[in-house]
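Mind the numbering: the sequence shown is residues 180 to 327 in our numbering, read in order. The beta-carbon is built from N, C-alpha and C at its ideal position, and this holds for glycine as well.
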Amino acid sequence: MTILSFHPCFGADKQIILGPRPLSLEDRLHIGQADAILLPQGCSAELYLACAHSRAAVFPEYGVRFKYPGKTGQAKLFQEFSIPHPETRCWRSTAELTVFLKKGNPLPHGFPFFLKIDGLHEGEGVFFIEEEANLRDVLGQLREREAS
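Shown next, in the form of C-alpha cells:
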C-alpha cells in the first residue's frame, strides 16, 4: 500500500508540500499511483478533485465542503438536510441588502444578529449586529471592501 501525503504535519511513503502552487504533472502521477491520500487542511478544489477522482482512499473526505462552499453553501446544506440552524437570509451584495431596506422592508429577524461574509473562514468576516446604527456602519465597511 502506497500512502501519499499533502499534509505538512503527516509524513507518508511520499510527501508533497504543495503550498500555493498548482498541481504539476508529477504530482498528478503520484496521485494516480497512491492507494491512500492525506489532504491538508487548506485543501484547494483542484487538489481535492484530482484526488477524489483517483482510485485512492482520500482523507479527509471534503466532498460536502466543496459541494456546499462558504457560508451560503452551509445554509443551503442545513436547509436541504433539515439540520437545525439559526434563521438565515442570503444577500448577493451589500447593495442588494441596502435596496431591500430602503424600500421599507423590515429585516427578516430582529436585533441582535450576525452578518457574515461568504467565502471567509475561521470566524473571519463575522459581524455582531446589535442595532440599526451598527448595521449601517458594518454595511459601509463591507461596501468599501467590495469596491476594493
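For residue i, which three-state DSSP category applies?
i: K255; result: helix
i: L183; result: strand
i: A236; result: strand
i: F307; result: strand
i: A215; result: strand
i: L294; result: strand
i: Q220; result: coil
Taking its Cβ as the centre, do 16 or more other Cβ atoms sit within 10 Å of residue i, making it buried, or is it exposed?
i: T181; result: exposed
i: V237; result: buried
i: I328; result: Since the first and last residues shown for the chain are 180 and 327, residue 328 lies out of range.
i: C188; result: exposed
i: A254; result: buried
i: A224; result: exposed
i: A326; result: exposed
i: H209; result: buried
i: L204; result: exposed
Tell me, to the nearest whole angstrom, how far the beta carbon of residue i is from that of residue j; I am working on the premise that it is less than 8 Å.
i: H217; j: S184; result: Contrary to the premise, residue 217 reads as Leu rather than His in this sequence. Sure, about 4 Å apart at Cβ, within 8 Å.
i: L318; j: T273; result: 5 Å
i: A215; j: A235; result: 6 Å
i: H264; j: P219; result: Contact doesn't hold; Cβ gap of about 28 Å is too wide.
i: A231; j: G242; result: 7 Å
i: S233; j: G211; result: 6 Å
Which runs of the beta strand (DSSP E) spanning at least 3 residues fall entirely within the segment 255-292, listed in chain order? none
With three or more beta-carbon pairs closer than 8 Å as the criterion, would you say the segment 243-251 touches the segment 289-298? A contact exists between the segment 243-251 and the segment 289-298.
Is the segment 281-292 in contact with the segment 304-311, if contact means three or more CB pairs nearer than 8 Å? yes
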